[in-house]
Structures are given as C-alpha cells and as structure tokens.
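Just below is one structure, and these are the notes that go with it.
Residue numbers (the working numbering): 108 to 181.
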C-alpha cells in the first residue's frame, strides 16, 4: 500500500502495475520518449538520440483511473 492519491476521485492507496508493450522487438514494457512524434521513411517513430524513461503505472482501486509517471532513464 502507498500514499498516492487518485487525481480523479481522491482515493488514497493506488495499486502499482505496468503498461505492457507486446509489439515487435519490444522489451516487454512501454517507454516515454521526449519530444513530439515524428515519423521516419517507413512510418515508424523516430527515436534516435532522444531521452527515454520507464513508465510507472498506478491504478485507483475505486474508480479505475490510471496515473502514469515517467521515471528512471532506460
């Protein structure tokens, strides 16, 4: 149990979890990448040289609202 408060309904004690990335060549978890989305020649997102951070996710047990935080660099 933690003391995080839901910004939607105010409930204290959010459940920790993660956002899964199951795409091709994925590492199994989603990442936040700084900057606006730019597409490359083949339609994929341009990511080279951009800072990346792991996403931590918390779910409110009362209303289901998700709180996402971009934490440590990956």
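The C-beta atom is built at its ideal place from N, Cα and C for all residues, glycine as well. Fair warning: this is a prediction, and the values are worked out from it, not measured in the lab.
Simplified DSSP assignment, three categories, for residue i
| i | result |
| --- | --- |
| residue 181 | coil |
| residue 164 | strand |
| residue 175 | strand |
| residue 124 | strand |
| residue 134 | coil |
Pairwise C-alpha distance: residue j and residue i
| i | j | result |
| --- | --- | --- |
| residue 119 | residue 113 | 6 Å |
| residue 136 | residue 149 | 23 Å |
| residue 161 | residue 138 | 5 Å |
| residue 134 | residue 172 | 25 Å |
| residue 151 | residue 125 | 23 Å |
| residue 180 | residue 131 | 21 Å |
Residue i and residue j closer than 8 Å at C-beta
| i | j | result |
| --- | --- | --- |
| residue 168 | residue 141 | no |
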